[in-house]
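**Student:** Read left to right, the sequence shown gives residues 147 to 203 (my numbering).
Can you keep this structure in mind? I'll have questions shortly.
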Amino acid sequence: MATPVEIARAERQVFIYSGDRKTAAHLLHATRLRYPHRSLRWCVEKTLLTLSASRCL
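What follows is the structure in structure tokens.
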């Protein structure tokens with residue numbers, strides 16, 4: 147289980163790429179709900195890959 151500090155750091159990593167704190171928190175939360183068995187680090191990477199893919203379309 148991730149601590150609140152770890153979650154805040156993860157949201158910050160997604161925020162750097164997304165540019166919006168609320169969107170970053172929402173996307174990371176949605177990814178964590180979809181893949182509850184995965185690590186927080188994996189969820190951050192998946193969220194960033196999803197953001198990257200959506201910008202390429």
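For every residue, glycine included, the Cβ atom is placed at its ideal position computed from N, Cα and C.
Are there 16 or more other CB atoms within 10 angstroms of the CB of E157, so buried, or fewer, so exposed?
**Tutor:** When all chains shown are included, E157 counts as buried.
**Student:** Measure the beta-carbon distance from L173 to T149 and round it to whole angstroms, keeping in mind my assumption that it falls under 8 Å.
**Tutor:** Contact flag wrong, Cβ pair sits at about 20 Å.
**Student:** Near S164, which residues of its chain fall below 8 Å by C-beta distance, leaving aside the five closest residues on each side in sequence?
**Tutor:** Same-chain partners within the cutoff: A170, L173, L197.
**Student:** Could you pull the start and end residues of the alpha helix (DSSP H) that H175 belongs to?
**Tutor:** It spans 167-180 - the alpha helix (DSSP H) in which H175 sits, taken as one unbroken run.
**Student:** Using beta-carbon positions only, say whether L186 and I153 come within less than 8 Å of one another.
**Tutor:** Yes.
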